[in-house]
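Reading the sequence shown from the start, the letters are residues 11 to 83 in the numbering used here.
The beta-carbon is built from N, C-alpha and C at its ideal position, and this holds for glycine as well.
Reviewing the structure listed below.
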Amino acid sequence: MLLGLAALKLFFLDVCLWGSWTGGNIFPIVFAALPNGFAIAQLLPTNDTTLIVMLVGISSGIGLLGNIWLESS
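Below, the structure is given as C-alpha cells:
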C-alpha cells in the first residue's frame, strides 16, 4: 500500500509538472520517497526502522531528482 501511495504521488507530480505547475519538485519527491523507505522497513522488522527509512528515502529521492521524466520544460 505504501509503495502504491508513493507511485500515486509521483504520478500526480508528473501531471502537475506537465501542466506547467510553478511549484518546486523537491518536497513532493521527498514526500514520495519516504513511503518507499517505510515500506522497505516493514519488510525488515529486525533492523532499525529510522536508519532504513533514511537510507531508502535519500537514495530513492536522489534517483528521482535525476530522473528525466520529472524534469519540467
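Which value, in whole angstroms, describes the spacing of the CA atoms of Asn-57 and Ile-50?
The count along the sequence shown starts at 1 and reaches residue 57 at position 47. The count along the sequence shown starts at 1 and reaches residue 50 at position 40. Using only the alpha carbons, I get a separation of about 11 Å.
Tell me the rounded alpha-carbon separation between Leu-20 and Val-63.
Walking along the sequence shown from the start, residue 20 turns up at place 10. Walking along the sequence shown from the start, residue 63 turns up at place 53. Looking at the two C-alpha atoms, the distance is approximately 18 Å.
Are the Cβ atoms of Leu-44 and Gly-67 separated by less than 8 Å?
Numbered from 1 along the sequence shown, position 34 holds the residue referred to as residue 44. Numbered from 1 along the sequence shown, position 57 holds the residue referred to as residue 67. The answer is yes: Cβ separation under 8 Å.
For Val-40 versus Gly-14, is the C-beta spacing smaller than 8 Å?
Indexing the sequence shown from 1 puts residue 40 at position 30. Indexing the sequence shown from 1 puts residue 14 at position 4. Against a cut-off of 8 Å, the Cβ pair of Gly-14 and Val-40 comes out as no contact.
Give the secondary structure of Gly-34 by DSSP, where H, G and I count as helix, E and B as strand, and everything else as coil.
Along the sequence shown, read from residue 1 onward, the residue named residue 34 stands at position 24. Correct three-state label for Gly-34: coil.
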